[in-house]
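Undergrad: The structure's right below; bear with me while I get my questions together.
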Amino acid sequence: MKFNFLYPIAGLSTTAASAALFNLSNTSKSHKEEVDKEFQRPASHHYNPKQLRSNHDHNSERIKRAEAAVQRFMTVNGIPGLSIGVTVNQKTVWQRGFGVADVETGAPCHGHTVTRIASISKSITSAIAAKLMETGQLDLDKSIYEYLPDYPKKKVENVDVDITTRQLLSHMSGVRHYPKQSSF
2 MKFNFLYPIA
12 GLSTTAASAA
22 LFNLSNTSKS
32 HKEEVDKEFQ
42 RPASHHYNPK
52 QLRSNHDHNS
62 ERIKRAEAAV
72 QRFMTVNGIP
82 GLSIGVTVNQ
92 KTVWQRGFGV
102 ADVETGAPCH
112 GHTVTRIASI
122 SKSITSAIAA
132 KLMETGQLDL
142 DKSIYEYLPD
152 YPKKKVENVD
162 VDITTRQLLS
172 HMSGVRHYPK
182 QSSF
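Quick note: the sequence shown uses the working numbering, first residue 2, plus one each step.
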């Protein structure tokens, strides 16, 4: 299934990362169609941040529909809290929190709520890698040292070993995990 949503409030095309972020593969077909309908826009529509701010009344109805779609998505998938932001040209044009940030205390989720990124970075990294492959900027079978010459060399029995992007993406490179950081 290919996801090519267009945000209703920003007119921004998304990639497979949207599918990972919204985890739409776990929702029913009718719900997917409903979300697709809510989030579809002609690809020819593009907005800049100034247009978005000056066109507030026009976008407020779309924002309400998007918020309703998010609420339905959270209900269907049992998601207690969610923080969403939309940026255009590196400027935040809309952000909002939904539900609770902490189910134990009931603290609300806001547009500025910070959460641990956890494993979502894997999906986003894979989507970005796929896009780079599509444009010929990344070869999965080249040594990562061609892209990151300063990356520490991996040694096995005192011999330098090449690591490929394919090995990194499939967790077969032998590179160990990073230490836990509470802010990440």
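Every residue gets a Cβ at the ideal spot worked out from N, C-alpha and C, and that includes glycine. As the structure is a computational prediction, the values presented were derived from the model and not from experiment.
How far does the alpha helix (DSSP H) with K155 in it extend, from its first residue to its last?
TA: Taking the sequence shown and counting its residues from 1, one reaches residue 155 at position 154. Taken as a continuous stretch (DSSP letters only), K155 belongs to no alpha helix (DSSP H), being part of the beta strand (DSSP E) at 155-157.
Undergrad: Quick one, are the C-beta atoms of T165 and L139 less than 8 Å apart?
TA: By one-based count along the sequence shown, residue 165 stands at place 164. By one-based count along the sequence shown, residue 139 stands at place 138. Result no, Cβ atoms of T165 and L139 do not sit closer than 8 Å.
Undergrad: Grouping DSSP H, G and I as helix and E and B as strand, with all else coil, what is T106?
TA: For this step, residue 106 is matched to residue 105 along the sequence shown. Residue state, collapsed to three classes: coil.
Undergrad: Rounded to whole angstroms, what's the CA-CA distance from E158 to G82? Just pull it up for me.
TA: Counting from 1 along the sequence shown, the entry for residue 158 is found at position 157. Counting from 1 along the sequence shown, the entry for residue 82 is found at position 81. Each residue's alpha carbon lies about 47 Å from the other.
Undergrad: Using the beta-carbon count (16 or more within 10 Å), is Q168 buried or exposed?
TA: As a position in the sequence shown, residue 168 is number 167, starting the count at 1. Buried, by the Cβ-count rule.
Undergrad: Please state whether DSSP places K92 in a helix, a strand or coil.
TA: For this step, residue 92 is matched to residue 91 along the sequence shown. Strand.
Undergrad: Please classify N90 as buried or exposed, where buried requires at least 16 neighbouring CB atoms within 10 angstroms.
TA: Counting from 1 along the sequence shown, the entry for residue 90 is found at position 89. Its Cβ having fewer than 16 others within 10 Å, N90 is exposed.
Undergrad: Work out the CA separation of Y152 and G175 for me, nearest whole Å.
TA: For the purposes of this step, residue 175 is taken as residue 174 along the sequence shown, with counting starting at 1. For the purposes of this step, residue 152 is taken as residue 151 along the sequence shown, with counting starting at 1. Answer to the nearest angstrom: the Cα atoms are 14 Å apart.
Undergrad: Identify, in the order they occur along the chain, each residue of the same chain with its Cβ nearer than 8 Å to the Cβ of G100, setting aside the five sequence neighbours on each side.
TA: Position 99 of the sequence shown holds residue 100. Counting only Cβ-Cβ distances below 8 Å, and skipping sequence neighbours, we find M75, I80, P81, G82, L83, P109, C110.
Undergrad: State the Cα-Cα distance for the pair I121 and I85, rounded to the nearest angstrom.
TA: Locating residue 121 in the sequence shown gives position 120, where the first residue counts as 1. Locating residue 85 in the sequence shown gives position 84, where the first residue counts as 1. Cα to Cα, the separation comes out at about 14 Å.
Undergrad: Suppose you measure from the CA of W95 to the CA of A128; what does that come to, to the nearest Å?
TA: Counted from its first residue, the sequence shown places residue 95 at position 94. Counted from its first residue, the sequence shown places residue 128 at position 127. Cα to Cα, W95 sits roughly 24 Å from A128.
Undergrad: For D163, I'd like the list of residues in its chain whose CB is within less than 6 Å of its CB, leaving aside the five on either flank, ordered along the chain.
TA: Along the sequence shown, one-based indexing puts residue 163 at 162. Counting only Cβ-Cβ distances below 6 Å, and skipping sequence neighbours, we find S144.
Undergrad: Buried or exposed, going by whether 16 or more other CB atoms sit within 10 Å of the CB of A119?
TA: As a working note, residue 119 is residue 118 in the sequence shown. Exposed: under 16 other Cβ atoms inside 10 Å.
Undergrad: Quick check on R63: buried or exposed, where buried means 16 or more other Cβ atoms within 10 Å of its Cβ?
TA: To locate residue 63, count along the sequence shown from 1; it is residue 62. Its Cβ being crowded by 16 or more others within 10 Å, R63 is buried.
Undergrad: With H, G and I counted as helix, E and B as strand and the rest as coil, what does DSSP make of V71?
TA: The residue given as residue 71 occupies position 70 in the sequence shown. Three-state DSSP puts V71 in a helix.
Undergrad: In the DSSP output, what is D161 paired with across the bridge?
TA: Indexing the sequence shown from 1 puts residue 161 at position 160. K156.
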